[in-house]
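Report on the structure given below.
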Amino acid sequence: LYGDEVVGTLSQRNATNLFIRFGETKAMPQIPSSEASNDATTALSLIEQQLHDSLRSRLDTQAPVAALLSGGLDSAMLCAIAAEQGKKLPTFTLGYQGYGRDDERTNAKITATELGLEHHEVVIGRDDFAEQLDHVLTALDEPLNDPAALPLYMLMQHIAEQGFKVVLSGEGSDELFLGY
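Be aware that the sequence shown starts at 4, since it is given in the numbering used here, and climbs by one per residue.
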């Protein structure tokens with residue numbers, strides 16, 4: 004649970020997205036098939052409008068909002084749209100001590116500077132993994148084969164300690180836009 008805000012999204016087998024808030028479940032709005040288009044320009048315009056509308060609805064809260072920033076296109080786009088809508092979100096990036104190949108801090112800092120955002124870096128090392136593993140395994144509802152679960156747990160812990168109740172992320176858009 005994340006405070007009084009969105010507590011989760013689910014995906015049913017028929018790919019209908021559900022929105023859960025304050026114990027209420029409702030279907031998320033989707034682009035009606037009558038508005039779908041094979042024309043690339045129209046399709047891009049519809050996607051852009053949906054992104055703006057989606058972000059606007061998530062920023063419409065009294066709760067403190069932050070964003071994850073990797074320096075990649077997805078998180079940078081979210082932060083840029085939020086800034087365009089008048090919300091310069093504080094950003095957080097995870098760094099790995101001793102593992103430069105997986106460290107995204109440099110790109111994230113460049114993006115945050117370009118967008119004029121307050122940026123925070125959280126650095127974890129090998130010892131942090133060992134110290135937090137039992138906490139993460141206890142918090143998981145079911146087995147999860149995601150190597151990012153432990154680092155994200157630690158990052159979210161840090162963000163929560165800073166008082167943020169809502170955290171935006173570009174997670175999942177790589178799959179949607181075939182980025183990998």
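In this text, a Cβ means the ideal position worked out from N, Cα and C, and glycines have one as well. From a predicted model like this one, the values you see are computed outputs, not experimental measurements.
Per DSSP, A66 lies in no beta strand (DSSP E) segment and is marked neither H nor E. Annotated as proximal: L120 and T94, with beta-carbon spacing under 8 Å. In this structure, the straight-line span from the alpha carbon of E107 to that of L49 is close to 31 Å.
In the DSSP secondary-structure assignment, I127 is bridged to Y99. Shown here for T44: not one same chain residue has a beta carbon closer than 8 Å to its own, the five before and five after excluded. In the assembly as shown, D77 is a buried residue. Its beta-carbon has 16 or more other beta-carbons within 10 Å. DSSP places L171 inside the beta strand (DSSP E), whose first and last residues are V169 to L171.
When the beta-carbon positions are compared, E134 and G98 stay at least 8 Å from each other.
If you check the CB distance, A85 and A69 do not come in under 8 Å. The bridge partners DSSP lists for T94 are A70 and H122.
For P154, the CB contacts under 7 Å within the same chain, skipping 5 residues up- and downstream, are L97 and I127 in chain order. The beta carbon of Y156 sits closer than 6 Å to those of V139, all from its chain and outside the five residues before and after it, given in chain order. Taking the Cα positions, A163 is about 15 Å away from L92. DSSP places A79 in the helix class (H, G or I) of the three-state scheme.
Rounded to the nearest whole angstrom, the C-alpha separation of L62 and K90 is 8 Å. Counted as a single uninterrupted DSSP element, the alpha helix (DSSP H) harbouring E164 occupies residues A152 to E164.
Rounded to the nearest angstrom, the gap between the Cα atoms of R129 and S73 is 20 Å.
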